[in-house]
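As structure tokens, the structure follows; a few thoughts come after it.
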Amino acid sequence: TLKASQRKIETIDNKSELAAHETSLTESEAASVTSMEDEDDEEQDVVLERRETRARTKRQKEMAAEKMVQAIKKAEYVRLKRLRETEEQRARRLAKEAARARRKRAQETYEQRAARLRKNAERVRMKRLGGSSQERLLQMRIDDENRRLRQEMENELERAERLLKIHEESKRREQQESTGQSHSVEGSSGANTPGTEWQAIPVSGFRSQIF
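Position 8 (the sequence shown) corresponds to 8 in UniProt numbering; numbering is contiguous.
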């Protein structure tokens with residue numbers, strides 16, 4: 001009948017709606033599960049990144065500490081080595097350091113020298129700007145003391161170079177005198193030998209003239 005057909009159609013519609021609703025619920029649950037899995041993956045990535053960051057920071061700190069230890073050991077070694085230096089060794093070292101500094105400055109280009117001077121001036125300016133007026137005054141005194149020490153070091157280096165030159169000149173003269181004496185002795189012994197007419201006249205300790 002017509003009513004039975006209508007009820008049958010309504011039943012079919014209800015079943016279709018129910019199936020569509022179930023399908024929607026299934027898709028929603030699947031999307032929810034996928035979203036939760038994505039969130040879990042993101043959390044794991046964040047955790048791994050944090051672990052890597054902590055490990056990298058730890059390695060950097062360990063390397064910095066190792067470098068500091070090596071620097072302290074090297075400074076102590078240099079300090080003890082300089083304590084055992086003689087006056088001549090100290091003069092030679094200072095002369096070499098001065099020569100190395102001059103060569104380095106001489107090889108600088110105009111841009112490198114300007115950059116170095118700007119960097120030094122900026123460092124001094126920042127030190128003076130920071131802190132209170134008493135700290136700035138103290139920094140100015142420290143800068144003056146550093147300039148005085150640098151001047152004293154330059155004077156000491158010049159003195160060391162002069163001493164080194166005097167020492168080398170003295171050694172050279174001693175060698176010339178010893179060489180001249182040996183030549184003179186050889187010439188006189190040759191003059192006393194029968195059948196020879198050698199006469200040695202030392203000239204500047206190196207040459208002899210034959211008559």
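Every residue gets a Cβ at the ideal spot worked out from N, C-alpha and C, and that includes glycine.
Contact check for L164 and A95: beta-carbon distance about 5 Å, within the 8 Å limit, so the pair qualifies. The distance from the Cβ of E88 to that of H167 is about 6 Å, consistent with a contact at the 8 Å cut-off. The beta carbon of E85 lies closer than 8 Å to those of R93 in the same chain, with the five residues before and after it left out.
Judged by DSSP in its simplified three-state form, T179 adopts helix.
Looking at the backbone, the Cα of E76 and that of K67 are separated by about 14 Å. Assigned with DSSP and collapsed to three states, Q151 falls in helix.
Residue environment analysis places A91 among the buried positions, since at least 16 neighbouring C-beta atoms fall within 10 angstroms of its C-beta. In terms of Cβ geometry, D143 and V124 form a close pair [threshold 8 Å]. Residue environment analysis places A106 among the exposed positions, since fewer than 16 neighbouring C-beta atoms fall within 10 angstroms of its C-beta.
T57 carries a helical assignment under DSSP once its states are collapsed to helix, strand and coil.
Residue range E87 to A106 is occupied by the alpha helix (DSSP H) that includes Q89. Around the beta carbon of A160, 16 or more other beta carbons lie within 10 angstroms, which makes this residue buried.
Annotation: K73 to E62 spans about 16 Å, alpha carbon to alpha carbon. Assignment of R159 by DSSP, reduced to helix, strand and coil, places it in the helix class.
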